[in-house]
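Participant: Let me begin by handing over the structure; questions about it come next.
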Amino acid sequence: MTARTPRAKRPTTRKTAAAPPAAPVTDQAGPDTMLDTDTRDRVADIIDAAREQAAAARDDADRILTEARDRAAVILTEARAQVADLAGQAAADHDTARAQLAELRRVTETDLAETGALIERRRTEAGQIVARAHEHAQQLAVAAQAEVDQAHARAAQLAETAAAVYDARRTEAETLYADAVAAADTRRRDADQAVTAAYTEAEQARAELREQLREMGEAFDQEAAGKRAALDTDLARLRAACDEQRSRLQREAATVTDRLRETAEKEAARIVGDAKRKADALAERAQADEARARRLLDELKDAKRESSRWHGWHRRIAGAGWRTAPWIALLAGIGLAASGEYELAHMVGIHPYVAPLLPVSIDVYCVTAFRTRRDIPAALTLMASANVIYHLSEQAHLVPEGQAAPWWLTTFVVLIFVAVIWRVHSLMHDTGTDGHGGTDSGGTDGRTGTAARTDRTVPARTGPSATHSYAPPAGTAAVCTGSGTVGTQPVHGAPHTAALATANAGVTSANNGRTSGVQAAPSGAARTSTPGPVRTSAAGHGGGTRTSTVTARTAPAATAPAGRTGTATAPRTDDELLPLVRQLPRETDGYVNISRARTELSVNQPRAIRLLKEAGLLRPEDADKHLR
Numbered sequence: 001m002t003a004r005t006p007r008a009k010r011p012t013t014r015k016t017a018a019a020p021p022a023a024p025v026t027d028q029a030g031p032d033t034m035l036d037t038d039t040r041d042r043v044a045d046i047i048d049a050a051r052e053q054a055a056a057a058r059d060d061a062d063r064i065l066t067e068a069r070d071r072a073a074v075i076l077t078e079a080r081a082q083v084a085d086l087a088g089q090a091a092a093d094h095d096t097a098r099a100q101l102a103e104l105r106r107v108t109e110t111d112l113a114e115t116g117a118l119i120e121r122r123r124t125e126a127g128q129i130v131a132r133a134h135e136h137a138q139q140l141a142v143a144a145q146a147e148v149d150q151a152h153a154r155a156a157q158l159a160e161t162a163a164a165v166y167d168a169r170r171t172e173a174e175t176l177y178a179d180a181v182a183a184a185d186t187r188r189r190d191a192d193q194a195v196t197a198a199y200t201e202a203e204q205a206r207a208e209l210r211e212q213l214r215e216m217g218e219a220f221d222q223e224a225a226g227k228r229a230a231l232d233t234d235l236a237r238l239r240a241a242c243d244e245q246r247s248r249l250q251r252e253a254a255t256v257t258d259r260l261r262e263t264a265e266k267e268a269a270r271i272v273g274d275a276k277r278k279a280d281a282l283a284e285r286a287q288a289d290e291a292r293a294r295r296l297l298d299e300l301k302d303a304k305r306e307s308s309r310w311h312g313w314h315r316r317i318a319g320a321g322w323r324t325a326p327w328i329a330l331l332a333g334i335g336l337a338a339s340g341e342y343e344l345a346h347m348v349g350i351h352p353y354v355a356p357l358l359p360v361s362i363d364v365y366c367v368t369a370f371r372t373r374r375d376i377p378a379a380l381t382l383m384a385s386a387n388v389i390y391h392l393s394e395q396a397h398l399v400p401e402g403q404a405a406p407w408w409l410t411t412f413v414v415l416i417f418v419a420v421i422w423r424v425h426s427l428m429h430d431t432g433t434d435g436h437g438g439t440d441s442g443g444t445d446g447r448t449g450t451a452a453r454t455d456r457t458v459p460a461r462t463g464p465s466a467t468h469s470y471a472p473p474a475g476t477a478a479v480c481t482g483s484g485t486v487g488t489q490p491v492h493g494a495p496h497t498a499a500l501a502t503a504n505a506g507v508t509s510a511n512n513g514r515t516s517g518v519q520a521a522p523s524g525a526a527r528t529s530t531p532g533p534v535r536t537s538a539a540g541h542g543g544g545t546r547t548s549t550v551t552a553r554t555a556p557a558a559t560a561p562a563g564r565t566g567t568a569t570a571p572r573t574d575d576e577l578l579p580l581v582r583q584l585p586r587e588t589d590g591y592v593n594i595s596r597a598r599t600e601l602s603v604n605q606p607r608a609i610r611l612l613k614e615a616g617l618l619r620p621e622d623a624d625k626h627l628r
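With UniProt numbering applied, the sequence shown covers 1 to 628.
Right, dumping it as structure tokens:
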């Protein structure tokens, strides 16, 4: 390179000093002209190739610069898009915006680093291309120098004949070589300038990008500060709203607390009331249990008393047992028949206090028939029909509980005691049944009959007074007829068992010592009765007068008399009903059914439950069910 530099300056002076000599026209001009033409063509080809390579290098440099610019524009566009995306995301989420901005900066710095590396790489490639072009130019120059040397060698051989032409051609070749070297240097300088310009432009683009990034960062910081201020304002407003909401909730909580307190107080009052009611129910149940225990204790005492009494009576009764066995059988049969007749009367709706009168009337009719030896089949048929009708009706459930009996059954029961009255009346007024020599009775004297004696003395009686066949038995009301009126006196609290026992006692007394017939009142005689314990009746038989004392039961002052079936019952207190409750028939478990107590006592269910509880006859399960 240093050897060619003065050689490049020298042809310029020589070029300006003299023009190239004209080629002499000789005989040897043909070969020299051909050699010169070949050399010129080769030099032209070398120069053209160098120019083409320089143009290619310049095109490569331009392409690299264009690619660098495009890459920078793409990076800038991507950076702007990413910054815009980050700005949009920052408006939605401030916290993520900072992270995205940091990521954007990192990506931008990475892209800038990659861009710088790419520019460096492109500059290195451009330098390499320029170096290769320079090296190639040197190679071309070396090749040209070799060819020139060869040409010099050939020219040396032809020096003798073409010295002037050789010098001229050599000068021209050196000039052309210098021009080619100068052109190569110019292309190299152009390439260096292009690379420098590309680097400068890349630096400017990088500076612009950095400036834009700085401006965008400042704008983002300002926008973030504005967003932060807006968020602080919103936060303050939200805090104020939260404080207001907290105050409102506290007020509402106080109101709700007051309401809950009132509700709790009401609920506590309700619970206390329920507890009091339950305590009262438990107290009532305890009272019922206490009454039940007291009743069981009384029954136990009665059983012990009866047991001790039974031991005393056992020896006395044992001897008379076989003597009274027939009468026991008779009484058992009458009692069994009386139970069915009583239940039949109760079934058709006759009051429980009046119902025992039906079996009494039928049994007395039967006893009278047996004593008079008349109407025995009719009496037994009536007794049997009453029991058969009852048992068949009971088995067929003709009368449901709480409902009325069929009309035909009620009619049959009514006709029973009507028939009894008719037949007993006919037996009483039949002349063949008096105590003065009837055909059926065999006759008895006046001292053992029921008629009054003519000497107005009280006849000697084998049985107690008021226990003959026609006198009212103890414990039952007397049936009297006076002034043509027939009435039934009320029975006060006579239970079924007491009525049967009294009737049986009357029958026993009548059958023990009576030998006369039925007293018949002669025509024109009238019976008068006076209320009270003394009954005086005047009989016109023989002008005699009979005075007898009848034990009539008087009702307590506080007890209203019970009427017949269908009549109203006066109100009664619990003290009056408690003895009747204790006398009610019991079930197999020893207690009384509530419905039976209601029916027998004609009271409502709460009062029946209360009476059974006080009497100790209320079942525990009924107490659990109703006393709550």
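C-beta: ideal position from N, C-alpha, C; glycine also.
Give a yes or no on whether the C-beta atoms belonging to residue 639 and LEU584 are separated by under 9 Å.
Facilitator: Absent from the structure is residue 639, since the part of the chain shown begins at 1 and ends at 628.
Participant: What's the call for LEU235, buried or exposed, on a 16-neighbour Cβ count within 10 Å?
Facilitator: For this step, residue 235 is matched to residue 235 along the sequence shown. So LEU235 ends up on the exposed side.
Participant: Along the chain, where does the alpha helix (DSSP H) containing ALA419 start, and where does it finish?
Facilitator: Within the sequence shown, residue 419 is the residue found at index 419, counting from 1. Counting along the chain, the alpha helix (DSSP H) containing ALA419 begins and ends at 407 to 428.
Participant: Kindly indicate which residue of ASP190, ALA168, THR77 and ALA99 has the alpha-carbon position closest to the one of ALA56.
Facilitator: For the purposes of this step, residue 56 is taken as the residue at position 56 of the sequence shown. The candidate whose alpha carbon is nearest that of ALA56 is ASP190.
Participant: Using beta-carbon positions only, say whether residue 632 and GLU341 come within less than 9 Å of one another.
Facilitator: Only positions 1 to 628 of the chain appear in the structure, and residue 632 is not among them; the question remains open.
Participant: Reducing DSSP to helix, strand and coil, say where VAL399 ends up.
Facilitator: Within the sequence shown, numbered from 1, the residue matching residue 399 stands at position 399. Correct three-state label for VAL399: coil.
Participant: When burial is assigned at 16 or more other CB atoms within 10 Å of the CB, is ARG106 buried or exposed?
Facilitator: On the sequence shown, position 106 is the one that residue 106 refers to. ARG106 is exposed by the Cβ-count criterion.
Participant: With contact counted as at least three CB pairs below 8 Å, one residue from each stretch, are the region 107 to 119 and the region 135 to 143 in contact?
Facilitator: These segments do not touch.
Participant: So the candidates are GLU621, ASP185 and ALA419; which of them puts its Cα closest to the Cα of LEU358?
Facilitator: Along the sequence shown, read from residue 1 onward, the residue named residue 358 stands at position 358. The shortest Cα separation from LEU358 among GLU621, ASP185 and ALA419 belongs to ALA419.
Participant: So for VAL388, helix, strand or coil by DSSP?
Facilitator: For the purposes of this step, residue 388 is identified with residue 388 of the sequence shown, where counting begins at 1. Helix at VAL388.
Participant: In the DSSP assignment, the alpha helix (DSSP H) including ILE362 goes from what residue to what residue?
Facilitator: Position 362 of the sequence shown, counting from 1, holds the residue named residue 362. ILE362 -> alpha helix (DSSP H) spans 357 to 372.
Participant: Can ARG63 and ARG187 be called in contact, C-beta distance under 9 Å?
Facilitator: Your numbering for residue 63 matches position 63 in the sequence shown. Your numbering for residue 187 matches position 187 in the sequence shown. Not in contact: ARG63 and ARG187 (Cβ atoms no closer than 9 Å).
Participant: Between which residues of its own chain and ALA345 is the CB-CB distance below 7 Å, once the five residues before and five after are set aside?
Facilitator: Taking the sequence shown and counting its residues from 1, the one referred to as residue 345 is at position 345. Excluding positions up to five away in sequence, the list reads ALA355, LEU358 and VAL413.
Participant: Less than 9 Å separating the beta-carbons of ALA369 and ILE376?
Facilitator: As a working mapping, residue 369 is identified with position 369 in the sequence shown. As a working mapping, residue 376 is identified with position 376 in the sequence shown. Yes, they are a contact pair.
Participant: With a cut-off of 8 Å on the beta carbons, I'd call ARG295 and ALA615 a contact; round off their distance for me.
Facilitator: Here residue 295 refers to the residue found at position 295 when the sequence shown is read from its first residue. Here residue 615 refers to the residue found at position 615 when the sequence shown is read from its first residue. Between ALA615 and ARG295 the Cβ distance is about 7 Å, and since that is below 8 Å, they are a contact.
Participant: If we require 4 or more residues per run, which alpha helix (DSSP H) segments fall completely within the region 32 to 71?
Facilitator: Taking only runs of at least 4 residues, no alpha helix (DSSP H) segment lies wholly in the region 32 to 71.
Participant: Just the Cα atoms here: how many angstroms apart are THR324 and ILE421?
Facilitator: Position 324 of the sequence shown, counted from the start, is the residue given in the question as residue 324. Position 421 of the sequence shown, counted from the start, is the residue given in the question as residue 421. Looking at the two C-alpha atoms, the distance is approximately 31 Å.
Participant: For VAL424, verify whether its CB is less than 8 Å away from any heavy atom of the ligand ATP.
Facilitator: The ligand ATP is not among the ligands present in this structure, which contains no ligands whatsoever.
Participant: Report buried or exposed for MET216, applying the criterion of at least 16 other Cβ atoms within 10 angstroms of its Cβ.
Facilitator: Stepping through the sequence shown from its first residue, residue 216 is reached at position 216. Buried: at least 16 other Cβ atoms inside 10 Å.
Participant: Three-state secondary structure (DSSP) at GLY435?
Facilitator: For the purposes of this step, residue 435 is identified with residue 435 of the sequence shown, where counting begins at 1. Only weak support exists for where GLY435 lies, its pLDDT of 43 falling under 50; the value from the coordinates is given anyway. Here GLY435 sits in coil by DSSP.
Participant: Please work out which residues of its chain come closer than 8 Å, Cβ to Cβ, to ASP589, disregarding the five sequence neighbours upstream and downstream, and give them in chain order.
Facilitator: By one-based count along the sequence shown, residue 589 stands at place 589. These residues qualify, in order along the chain: ARG619.
Participant: Does the Cβ-Cβ distance between ASP185 and GLU125 come in under 9 Å?
Facilitator: Position 185 of the sequence shown, counting from 1, holds the residue named residue 185. Position 125 of the sequence shown, counting from 1, holds the residue named residue 125. In this structure, GLU125 does not lie closer than 9 Å to ASP185 by Cβ.
Participant: Give every residue of the same chain whose Cβ lies closer than 8 Å to the Cβ of ASP192, excluding the five residues on either side of it in the sequence, and list them in chain order.
Facilitator: Against the sequence shown, residue 192 aligns to sequence position 192. Cβ neighbours of ASP192 beyond the five flanking positions: VAL130.
Participant: Taking the alpha helix (DSSP H) that ARG582 belongs to, which residues open and close that run?
Facilitator: As a first step, residue 582 is located in the sequence shown; it is residue number 582 there, counting from the start. 574 to 582 is the extent of the alpha helix (DSSP H) around ARG582.
Participant: For ASP111, I'd like the list of residues in its chain whose CB is within less than 8 Å of its CB, leaving aside the five on either flank, ordered along the chain.
Facilitator: The sequence position of residue 111 within the sequence shown is 111, counting from 1. Answer for ASP111: ILE75, GLU78 and ALA79, listed in chain order.
Participant: Nearest by alpha-carbon distance to SER393: which of ARG371, ARG598, MET347 and ARG98 is it?
Facilitator: Within the sequence shown, residue 393 is the residue found at index 393, counting from 1. Per the Cα distances, MET347.
Participant: Is it buried or exposed for PRO495, if we count other Cβ within 10 angstroms and need 16 for buried?
Facilitator: Sequence index remark: in the sequence shown, residue 495 carries index 495 (1-based). Only weak support exists for where PRO495 lies, its pLDDT of 43 falling under 50; the coordinates are left without a value.
Participant: Curious, which full-length alpha helix (DSSP H) runs of at least 4 residues does the region 265 to 289 contain?
Facilitator: Counting only runs of 4 or more, we get nothing.
Participant: Mind checking which residues open and close the alpha helix (DSSP H) that includes ALA325?
Facilitator: What you label residue 325 is simply residue 325 of the sequence shown in a count that begins at 1. Unbroken alpha helix (DSSP H) run through ALA325: 325 to 347.
Participant: When you compare only the Cα positions, how much space is there between LEU578 and ILE362?
Facilitator: Residue 578 sits at position 578 when you count from the first residue of the sequence shown. Residue 362 sits at position 362 when you count from the first residue of the sequence shown. Going from the Cα of LEU578 to the Cα of ILE362 covers about 30 Å.
Participant: By the DSSP assignment, the alpha helix (DSSP H) with HIS351 in it spans what residues?
Facilitator: Here residue 351 refers to the residue found at position 351 when the sequence shown is read from its first residue. Run containing HIS351: none; DSSP gives neither H nor E here.
Participant: On the criterion of 16 or more Cβ atoms from any shown chain inside 10 Å, does CYS366 qualify as buried, or is it exposed?
Facilitator: Working through the sequence shown from its first residue, we reach residue 366 at position 366. Buried: at least 16 other Cβ atoms inside 10 Å.
Participant: Check this for me: beta carbons of THR33 and ALA68, under 9 Å apart or not?
Facilitator: Start at 1 with the first residue of the sequence shown, and residue 33 comes out as number 33. Start at 1 with the first residue of the sequence shown, and residue 68 comes out as number 68. For THR33 and ALA68, no; Cβs fall outside 9 Å.
Participant: For the alpha helix (DSSP H) that THR599 lies in, which residues bound it at each end?
Facilitator: For the purposes of this step, residue 599 is identified with residue 599 of the sequence shown, where counting begins at 1. Counting along the chain, the alpha helix (DSSP H) containing THR599 begins and ends at 594 to 601.
Participant: At which residues does the alpha helix (DSSP H) containing ARG610 begin and terminate?
Facilitator: The residue labelled residue 610 in the question sits at position 610 within the sequence shown. 605 to 615 is the extent of the alpha helix (DSSP H) around ARG610.
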